[in-house]
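Notes for the one structure printed next.
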Amino acid sequence: MDAFWIILTGSLVAISCGTLGCYLVLRKMAMVGDAISHAVLPGIVLAFLFSGSRDPFTMLLGAGAVGLLSTFLIETIHRRGQLQEDASIGVVFTFLFAVGVILISMYAGQVDLDQDCVLYGEIAYVPLDLLYTKSGASLGPRTVWILGGVLLAVIALVSFAYKELAATTFDSQFAAAIGISTTLWHYALMGAVSLTTVASFESVGAVLVVAFLVIPPATAFLLTDKLPVMLGLSAVVGILSAAGGYALAVAIDGSIAGAMAVVGGAEFALALLFSPRYGIPARIKRKTHEELPSVS
Amino acid sequence: MIIHVENPALEIHNLTVSYHRKPVLWDIDLTVPQGTLAGIIGPNGAGKSTLIKSVMGLLPADSGYAQMFGEPLDRVRRRVSYVPQRESVDWDFPASALDVALMGRYARLGLFRRPRAADREMAMDCLKKVGMDGFAARQISQLSGGQQQRVFLARALAQDADLYLMDEPFAGIDAATEAAVIQLLTEMKQAGKTVIVVHHDLQSAADYFDWIVLLNMRLVASGPTDQIFTQELLERAYGGRLNVLSQVGELLQKQQFPARERKG
Amino acid sequence: MDTILDALMLSNPNVRYVVFGSVLLGCAAAVVGAFTVLRKRSLVGDAVAHSVLPGVCGAFLVTQTKHPLALLIGAFISGWLSLVVIDFITRKTRVKEDSAIGIVLSVFFGAGILMLTAIQQTGSAAQSGLDKFLFGKAASMLLDDVMIFGGVAALLIAIVALFFKEFFLLSFDRDFARVIGLRVPLLDLLLSTMTVLAVVVGIQAVGVVLMAALLITPAAAARYWTERLGIMVVLAGLFGMMAGVTGAYISTAAPSMPTGPWIVVVTSVVFLLSVLFAPRRGVVAQAVRYKRNRTQITDENILKALYQMGESASEFTTVHSTEEIHGHRRMQLLTLQQGLARLRRQGYVEHHHRGWCLTSEGIERGKRVARLHRLWEVYLSRHLHLAPDHVHDSAESIEHILTPELEEQLASELNYPEVDPHNSPIPYRKKAKQKPETGTRNA
Ligand SMILES: Nc1ncnc2c1ncn2[C@@H]1O[C@H](COP(=O)(O)OP(=O)(O)OP(=O)(O)O)[C@@H](O)[C@H]1O
Ligand SMILES: [Mg+2]
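Residue numbers (my numbering), protein chains in the order written: chain C, 1 to 296; chain H, 1001 to 1264; chain F, 2001 to 2443.
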């Protein structure tokens, strides 16, 4: 049963992150996702300290706001401070993450997180924190409920705003010209990434959030030419890495989050080798046989 | 020589646009009449793309404004279509030619509304008009440069606008495609639409356009082709930049000085 | 500060090695990082930093020791491998660089974590201490570590000094570097190798998670102080040294604290101070410049107004009340009053019981502004073909910025026009000199 809950938790994180990650990857903002996933840490710690509990709403809102703040800082330093974007990302997220780790070590007694767990989470403990009905029947782990709620929100965003997100991602100038606000959808997406990150952080840690934000979408990107299919495939790839990662971790008795990232990497490598169209052997074959597609 | 007309499709009034405080367009003031096929012509870096981006509200202006059909852009957005330079997007995006053409319909759909069957049909029609109906299901990265350009055109057509602003629709396409496209644009003009095209090739410009805007940091000339296409005006547009203007621009940037005094 | 130095220098000879080593590590990482940043490879540096973890663990698994040389080699190999993989994915597939970085970073680091946790489970004797590579702990460096890592760091700094010119060209203009015959691929290889080495030595102090900050933040901070690459690299090195000292101090003085995060926070504060206070590019400098510009605009507008009022009366020394000036030139009354007071202090206007009048210096300056305004209007109408009713707004701004050289160039290019497009005369200085100005002194 524990295995089920752990894999389910991993899968919920994988689907939420993978779905949003598709847009990050297509917008070439994968590293902004990486930055957010580190930057929310001080927000989580502060939410802990202020609310004195694991109240999910304080947590999601407080830390989510810090995530949004980090993207805002990155943009401000890049645009107004005229620092190149990659450096701006690097400066901002390392700073926020460092502050988070320091806060944890300073308030170790009051904050139920430790330094290493912020990196690779404590997914193994997920099944221990259960929710109960009034009559005492178990409803399953709390985390699963929170992550389930976040997943619903993500799916709602992506399906209601499908055309807005697609248009601003593919051609932001055109989108702006027809009156779709690029800023609005940028921050909506970043807000969703922040929320998802915060909800996933405790169970899987910063690293696996990055892994799930980038690897399943990039793998799906090698396998299909249709955005809806890419969204679906990325969910499948994510679930497979959650399940496979758990098996691997059990086999060698190591970190579950680390193992899930490794299995994700293996899936990407497989796609790289065997994708019918965008795999490397396929590319080489195409180049030698027919050169580029002929003009018009 | 700057010729103004009454009741224009596009009016640009004293438009100054800067990047990081350095003006790249100085006080552009022009009108383009309705129902014309107009060319914006100038050397590399003249500010042609900047001009239409600013007109479309994609870049803030230091001074001045643009109006279409006598109204600010926000009031007539649906009547205006913009075709960016082809290099401005990543063609690896997972979409088919039809998906892209369908984006032209997004302007008419409200927030959160999905395209309907009628929209798909219309998008398909537009692909047909540009001769791309055979490629509707193709992933866009597997189209040649000219085909991608035509997909962009189809998307613009799907907007069913009255004014089209196109940034270098002829860049990197072969002669046959160019002829087909110009044919299409001419038909649109004959249907009463106004088409404004950024163009590079002086040779063909005189044949294609009936209104020409010569640009090089400032407006050199604007008017009917036969009056503008003179040796003297072309030399002025291509004869390098105005030295004083460039120096003043650099000075403004260095001193972080506003190109326009703020009111108040 | 004294106590810090006491703690660092005197208490223990061992500490001296640690401080010395940390300074070298910080400096080397920042100096090499400066080129990483300039080549827009900051985040690749981040990925490399995360990617050395499996190398460290692997080396431990193979040798079962924590000998610095073994760890260095292991880290170097996996760091390099990560670079190769990123490059491979970016060049051979449709996956873009940012995603490739994210994939490599998370997979390598995930593998590292997996190995680390698996090692910890086996409970092998020497395992404790491998996790210091996550967040760094300078104080746990032994003399051996300091010798080897410090040696590598010194070597890196020496190479940068030696190849400075080549690296400069490479980051500034690759094509040019190629054209003048530099072996660009070879230099690229050298710089990448150096980045990996800088990461490997830097993690002793900061740990892999935040190593990127040691590469990026000092360089980013230095960028604000100078436009010159040489100075930037030296400054970055200095900031890196500061980071190193911080790390050594924290990890000796407060061993329970994670070292890396404190280094990052201190470096980030340096960055923030740079953003705020750097000359020219800093926020404060920009605000000052903005204020100065506003003041100059106000002052010159007042002088010009007084000059124009005098012009229409052909008498420049008439006294005008504040209301009169305000009627001629719309601005906020308070701004006008402050401006007049300032101009009076500076000797451009005089205050009389009924109002204000220009001094001879004031007349000259007001005249110059009027002249520049009108010259610019002529320029716009001749070269930009603007109608007379369109030239004024631009001139209102440009009149304040033209330098004397540009003024001269403008006037001679326009062939010293007599009047502007509104037929107002353009008052040249020469003519002014011809006219005796004795009357203005004692009005
Ligand atoms: N984002 C930017 N930041 C700074 N300067 C820019 C930017 N975009 C353009 N410029 C500068 O503005 C000027 C005008 O650029 P623009 O792209 O409008 O020229 P163009 O006429 O479209 O040229 P081309 O024919 O090459 O497309 C150029 O000098 C260019 O260097
Ligand atoms: Mg252009």
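Using N, Cα and C, we set each Cβ at its ideal position, and we do this for glycine too. Computed from a predicted model, the values in this text were never measured in an experiment.
Residue nearest to residue i in terms of C-alpha spacing, selected from the options
i, options, result
"C/Leu96", "F/Ala2100, F/Lys2137, F/Trp2262", "F/Trp2262"
"H/Arg1155", "H/Met1132, H/Ala1171, H/Ser1141", "H/Met1132"
"H/Leu1219", "H/Thr1036, H/Pro1060, H/His1013", "H/His1013"
"F/Gly2079", "F/Ala2047, F/Val2107, F/Asp2098, F/Gln2332", "F/Ala2047"
"F/Ser2149", "F/Ala2075, F/Thr2259, F/Leu2186", "It is Phe, not Ser, that sits at residue 2149 of chain F in the sequence shown. Closest by alpha carbon: F/Ala2075."
"C/Val237", "C/Val118, C/Leu113, C/Ile15, C/Ile180", "C/Ile15"
"C/Leu128", "C/Asp116, C/Pro141, C/Asp34, C/Ala235", "C/Pro141"
"C/Ala153", "C/Phe170, C/Ala192, C/Gly121, C/Val209", "C/Ala192"
"C/Val92", "C/Asp2, C/Leu248, C/Met31", "C/Met31"
Assigned exposure category for residue i - 16 Cβ within 10 Å defines buried
i, result
"F/Ala2126", "Reliability of the predicted coordinates at F/Ala2126 is poor, the pLDDT of 49 falling under 50, and no value is obtained from them."
"F/Pro2013", "exposed"
"F/Tyr2379", "buried"
"H/Ser1049", "buried"
"C/Ser203", "buried"
"C/Asp86", "buried"
"C/Ala220", "buried"
"F/Tyr2416", "exposed"
Proximity test, Cβ basis, 7 Å: residue i and chain C
i, result
"F/Gln2204", "no"
"F/Phe2277", "no"
"F/Ala2126", "Bear in mind that a pLDDT of 49 at F/Ala2126, under 50, signals an unreliable position, so the number given afterwards is only what the model happens to contain. No - not a single Cβ of chain C is within 7 Å of the one on F/Ala2126."
"H/Pro1094", "yes"
"H/Ala1107", "yes"
"F/Ala2220", "yes"
"H/Pro1084", "yes"
"H/Met1103", "yes"
C-alpha distance - residue i paired with residue j, whole-angstrom precision
i, j, result
"C/Ile77", "C/Asp225", "35 Å"
"F/Gly2102", "C/Leu49", "31 Å"
"F/Val2062", "F/Gln2120", "15 Å"
"C/Glu267", "F/Met2141", "39 Å"
"F/Gly2055", "F/Phe2239", "28 Å"
"C/Leu131", "F/Val2265", "39 Å"
"C/Ser194", "C/Ala156", "16 Å"
"H/Leu1109", "H/Arg1078", "11 Å"
"C/Val229", "C/Ala242", "20 Å"
"H/Tyr1164", "H/Pro1008", "14 Å"
"F/Leu2071", "C/Pro56", "42 Å"
"C/Ala235", "F/Leu2053", "28 Å"
"F/Val2245", "F/Leu2182", "37 Å"
"F/Pro2068", "F/Val2199", "14 Å"
"F/Ile2113", "C/Ile36", "21 Å"
"C/Thr169", "C/Arg27", "6 Å"
"H/Thr1230", "H/Leu1242", "20 Å"
"H/Gly1042", "H/Leu1233", "11 Å"
"H/Lys1193", "C/Gly64", "48 Å"
CB contact below 7 Å: residue i versus chain H
i, result
"C/Gly43", "no"
"F/Glu2311", "no"
"F/Ser2397", "yes"
"C/Asp171", "yes"
In DSSP terms, what residue i is bridged to
i, result
"H/Ala1066", "H/Ile1012"
"H/Gln1190", "DSSP output for H/Gln1190 lists no bridge partner at all."
"H/Arg1218", "H/Trp1026, H/Asn1216"
"F/His2480", "Absent from the model: residue 2480 of chain F. The displayed extent of chain F is 2001 to 2443, so no value can be given."
Beta carbon proximity, residue i to chain F, threshold 7 Å
i, result
"H/His1247", "Note on identity: in this sequence residue 1247 of chain H is Gln, with His being the wrong assignment. Yes, contact with chain F."
"H/Phe1229", "no"
"H/Ile1003", "no"
"H/Val1244", "yes"
"H/Leu1127", "no"
"C/Gln110", "no"
Short CB-CB distance (under 7 Å) between residue i and chain B
i, result
"F/Arg2342", "No chain B is present in this structure, whose protein chains are C, H and F."
Any non-hydrogen atom of ligand 4 closer than 6 Å to residue i Cβ
i, result
"H/Ser1088", "The ligand content of the structure shown is limited to ligand 1 and ligand 2, which means ligand 4 is not among them."
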